[in-house]
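First to last, the protein sequences are chains A and B.
Position one of the first sequence corresponds to residue 1 (this note's numbering), numbered consecutively onward.
Position one of the second sequence corresponds to residue 1 (this note's numbering), numbered consecutively onward.
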Amino acid sequence: DVKVTQSSRYLVKRTGEKVFLECVQDMDHENMFWYRQDPGLGLRLIYFSYDVKMKEKGDIPEGYSVSREKKERFSLILESASTNQTSMYLCASSPPAGGIYEQYFGPGTRLTVT
Amino acid sequence: GNSVTQMEGPVTLSEEAFLTINCTYTATGYPSLFWYVQYPGEGLQLLLKATKADDKGSNKGFEATYRKETTSFHLEKGSVQVSDSAVYFCALSGTYSGGGADGLTFGKGTHLIIQP
Numbered sequence: 001d002v003k004v005t006q007s008s009r010y011l012v013k014r015t016g017e018k019v020f021l022e023c024v025q026d027m028d029h030e031n032m033f034w035y036r037q038d039p040g041l042g043l044r045l046i047y048f049s050y051d052v053k054m055k056e057k058g059d060i061p062e063g064y065s066v067s068r069e070k071k072e073r074f075s076l077i078l079e080s081a082s083t084n085q086t087s088m089y090l091c092a093s094s095p096p097a098g099g100i101y102e103q104y105f106g107p108g109t110r111l112t113v114t
Numbered sequence: 001g002n003s004v005t006q007m008e009g010p011v012t013l014s015e016e017a018f019l020t021i022n023c024t025y026t027a028t029g030y031p032s033l034f035w036y037v038q039y040p041g042e043g044l045q046l047l048l049k050a051t052k053a054d055d056k057g058s059n060k061g062f063e064a065t066y067r068k069e070t071t072s073f074h075l076e077k078g079s080v081q082v083s084d085s086a087v088y089f090c091a092l093s094g095t096y097s098g099g100g101a102d103g104l105t106f107g108k109g110t111h112l113i114i115q116p
């Protein structure tokens with residue numbers, strides 16, 4: 001079974017803090033993704049990566065950065081957390097081949113910025 | 001750009017009722033289509049998928065057919081159970097392409113509540 005794990009289920013941070021959200025997958029997938037999920041907005045893509053050290057912007061990259069130093073690990077970084085970044089963050093991974101394969105999701109990290 | 005529209009709900013049904021959750025999309029090219037389900041407190045799980053026109057995806061009694069002529073991928077189940085209560089997301093691939101990766105475009109989700 002594919003497993004995607006996220007470092008924390010719940011996280012509370014203060015405005016202005018630097019926040020790291022970690023995601024690890026164990027299926028040797030090339031592609032990894034970060035989404036945020038908000039009520040009434042569904043899931044929106046923040047960043048994705050198709051290879052080590054490669055990254056691409058999604059819909060809403062502002063205020064975020066990512067790091068992919070190893071194939072199995074994809075980190076989302078909030079350089080200076082703000083209250084409007086309070087959300088559920090979901091990581092996903094998939095094999096390559098143009099979108100015909102589904103993405104496998106982690107359990108999510110619910111981040112609260114106070 | 002690509003987009004997905006689905007009924008938001010909440011949709012409340014009695015156990016054993018027939019379920020339809022509508023999903024329509026706008027896309028260039030030939031995307032793959034997916035239904036994901038999110039149970040309370042959990043991440044998303046793939047429910048079913050279809051990769052080309054007229055394909056039917058099915059799983060756990062749920063079905064959806066990729067209709068290119070109506071740009072739709074409606075989710076159906078003949079007899080729902082309390083355990084089907086969850087949020088259902090329709091999604092399509094091919095929106096963001098980079099090096100072989102495809103980000104998904106999601107609908108806003110439909111909250112389904114099944115009452116005993």
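Built from N, CA and C at the ideal position, the CB exists for glycine as well.
| field | Of the listed residues Asp55/B, Val80/B, Phe73/B, nearest to Phe89/B (C-alpha basis) | value | Phe73/B
| task | Could you spell out where the beta strand (DSSP E) holding Met27/A opens and where it closes? | result | Where Met27/A is concerned, there is no enclosing beta strand (DSSP E), given that its DSSP letter is neither H nor E.
| query | Which residues of chain A have a Cβ atom closer than 7 angstroms to the Cβ of Lys60/B, listed in chain order? | reply | Here the premise fails: no neighbours, minimum Cβ distance about 15 angstroms.
| field | Partner residues on chain A for Glu63/B, Cβ-Cβ distance less than 8 angstroms | value | Going along chain A, no residue has its Cβ under 8 angstroms from Glu63/B, so there is no contact; the nearest lies around 17 angstroms.
| message | Beta carbons nearer than 9 angstroms to chain A: which residues of the segment 29 to 44 of chain B have them? | response | Pro31, Ser32, Phe34, Tyr36, Gln38, Gly41, Glu42, Gly43, Leu44
| task | Using only alpha-carbon positions, find the residue among Glu16/B, Tyr30/B, Pro116/B, Glu15/B that is nearest to Glu69/B. | result | Cα-wise, what sits closest to Glu69/B is Tyr30/B.
| query | Which value, in whole angstroms, describes the spacing of the CA atoms of Pro96/A and Pro116/B? | reply | 42 angstroms
| message | Let's see if you can read the secondary structure: which residues bound the beta strand (DSSP E) around Met88/A? | response | 87 to 94
| Val11/B and Ile21/B look like a contact to me (Cβ under 8 angstroms); what is the Cβ gap, rounded to whole Å? | 7 angstroms
| query | Buried or exposed: where does Arg14/A fall if 16 or more other Cβ atoms within 10 Å of its Cβ makes it buried? | reply | exposed
| Going along chain A, which residues have a C-beta under 9 angstroms from Phe73/B? | Here the premise fails: no neighbours, minimum Cβ distance about 14 angstroms.
| query | Count the other CB atoms within 10 Å of the CB of Met32/A; is the residue buried (16 or more) or exposed (fewer)? | reply | By the neighbour-count definition (other C-beta atoms within 10 Å, threshold 16), Met32/A is a buried residue.
| Does any C-beta atom of chain B lie closer than 8 angstroms to the C-beta of Phe20/A? | no
| task | For the segment 80 to 96 of chain A and the segment 71 to 87 of chain B, state whether three or more C-beta atom pairs, one from each stretch, are separated by less than 8 angstroms. | result | no
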